[in-house]
Amino acid sequence: MNLRNNYFRIVLLFFLTISGRIFAQPICGTPEATRAELDFLLQNVKTLPVAERNNGTTCVPIQIWAFRQSDGTGGISQDALIRGLAYLNYNYLQAGIEFYYCGDPVYANDSDLYNFDGTAPDNDTESQLVSASGESFEAVNVYVVNSIVTSGGTAAAGYAYLPYSDNSNYNRILMRISSYASSVNGTLSHEFGHYFSLLHTHQGTENGPFSANAENVPRTGAQANCSTDGDLLCDTEADPRYDSNDFDFGTCSYTGSGTDQFGNLYTPPVDNIMSYYPDACGGIFTSDQYTQIAQGLATRLGHNSYSLDCSPPGVNVPTGLNAQLNNDENGIDLSWTDNASNEIGYLVERSTSSGSTGFRQLTDGYTAANGTSYTDYNIASNTQYWYRVKPANGDCDTYSSVANFTTPTLYCTAGSGTCDEYISRVQIGSIDNSS
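In the numbering used here, the protein residues as written are 4 to 438.
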């Protein structure tokens, strides 16, 4: 039973229908890949043998450089930072990647760079961001500002670099505050996709079906070119790029009549994180994308101008983790003892397999600093769950002890409105519907 998620999906789709353009995936400032970058991906990243791909779970550190107004106001909140990290870990676990913050965010008070504008007369640059805040050579540098206008004049939600060059300048991601944790499958996960070598699903094809590198619709046969053009992946359908005029927000479906150069109708991947389609329509990485993410990570780990081995500060893990049923709200209440004074928040992971395998970050499984409790509402009847908790800025492999709970049969709570449970028998006095 997942009434809350269904309710919020209905609400989101309602507003999408009213104002589709507002809820579309914000524009990404990462430029279209050049021919040289495409060749690098084909010849160096995608040719990595399986043995060299990311095996198991690799911990990837992030260093946050957060900009505020010159008077110290504004800037990204701690809640958004922890929520964004939870979203990343939820999306990237299948690629064998787990993120952590390597220390506290570093704040810089600079009103000019707070609204980053790469066009004249401001001409803001990344070098200025680095000079005003700093740069790590042991973690992914994420610079968070209030607004972004690229040097080409694009108002962007964020941008990143492909692992094309062994240059520390390519070890940067620029993010807009409002897009950092806007949705579980939003801009932050999108930009890290670029960081690990993924292209837009509309790469090449957005310029028209006859343009260089445009991807054809067929996946196999003489017309297929999905392994050499477009985003170079054959399990992401050819995508002409999102256009609100060719999209039904009520059903999250493409309604356009665009075709490839052979007249085949496009059926774009509207639920893909690397597309521009609305976040509320879902957000996934495909199997081939996960493989290429792992290859992109292996490529970055092979670079010499920077590393990804930042040692986090020592943060004591919670103890005394306990799980019990919340009968009033149909949830599982977790509680623990906060033993740290330097944590910036906690992340909650859950497994339905065992107390040692199958753990995955809960999309909303996080607390602020000094947090000691969390309630998991996304539960089902007669199911055993295992939980563990860790600091967001601690070692990514160090957790609390595991707590488990097996739910009984769950029913609608008072005042919950509609639900998917049904009444199998009613007996009032002599009235009995069982016969």
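The beta-carbon is built from N, C-alpha and C at its ideal position, and this holds for glycine as well.
Exposed unless 16 or more other CB atoms sit within 10 angstroms - verdict on residue i
i	result
Y414	exposed
N188	buried
F119	buried
G266	exposed
P108	buried
L45	exposed
N373	exposed
G305	exposed
Q364	buried
A215	exposed
Residue j beta carbon less than 8 Å from that of residue i
i	j	result
T239	T190	no
D312	E138	no
F199	V147	no
V152	G121	yes
D242	T204	yes
N396	E346	yes
Q131	P212	no
L268	D234	no
S192	Y90	yes
T370	Y349	yes
N2	Q66	In this structure the chain extends from 4 to 438, so residue 2 is not present and cannot be described.
T258	D251	yes
Residues that DSSP places opposite residue i in a beta bridge
i	result
E352	Q364 and R391
R179	V148
T262	L268
N501	Examination of residue 501 is not possible in this model, given that the chain is present from 4 through 438 alone.
A371	G348
S250	In the sequence as presented, Ser is not what sits at residue 250; that position holds Phe. Its beta-bridge partners are Y257.
N- and C-terminal bounds of the beta strand (DSSP E) containing residue i
i	result
Q327	T322 to N329
L337	G334 to T340
I65	T61 to R71
G161	G161 to A163
A406	A406 to T409
T378	S376 to D379
F119	N118 to D120
Boundaries (first-last residue) of the alpha helix (DSSP H) holding residue i
i	result
E129	E129 to A135
Y90	Q81 to Y95
S290	S290 to L304
E101	No alpha helix (DSSP H) contains E101, which is instead part of the beta strand (DSSP E) from I100 to Y104.
E194	T190 to Y198
Any chain B beta carbon closer than 8 Å to residue i
i	result
D400	Protein chain content of the structure displayed is limited to a single chain, and chain B is not contained in it.
Problem set entry | Segment contact, 8 Å Cβ cut-off, at least three pairs: the region 94-104 with the region 289-302 | yes
For this session: Could you tell me whether the region 325-341 touches the region 374-383, where touching means 3 or more Cβ pairs closer than 8 Å?
Result: yes
For this session: Would you be able to state if there are at least three C-beta pairs under 8 Å between the region 153-161 and the region 173-182?
Result: yes
For this session: Inspect the CB distances between the region 71-90 and the region 353-360 and report whether three or more fall short of 8 Å.
Result: With contact defined as three or more Cβ pairs closer than 8 Å, the region 71-90 and the region 353-360 are not in contact.
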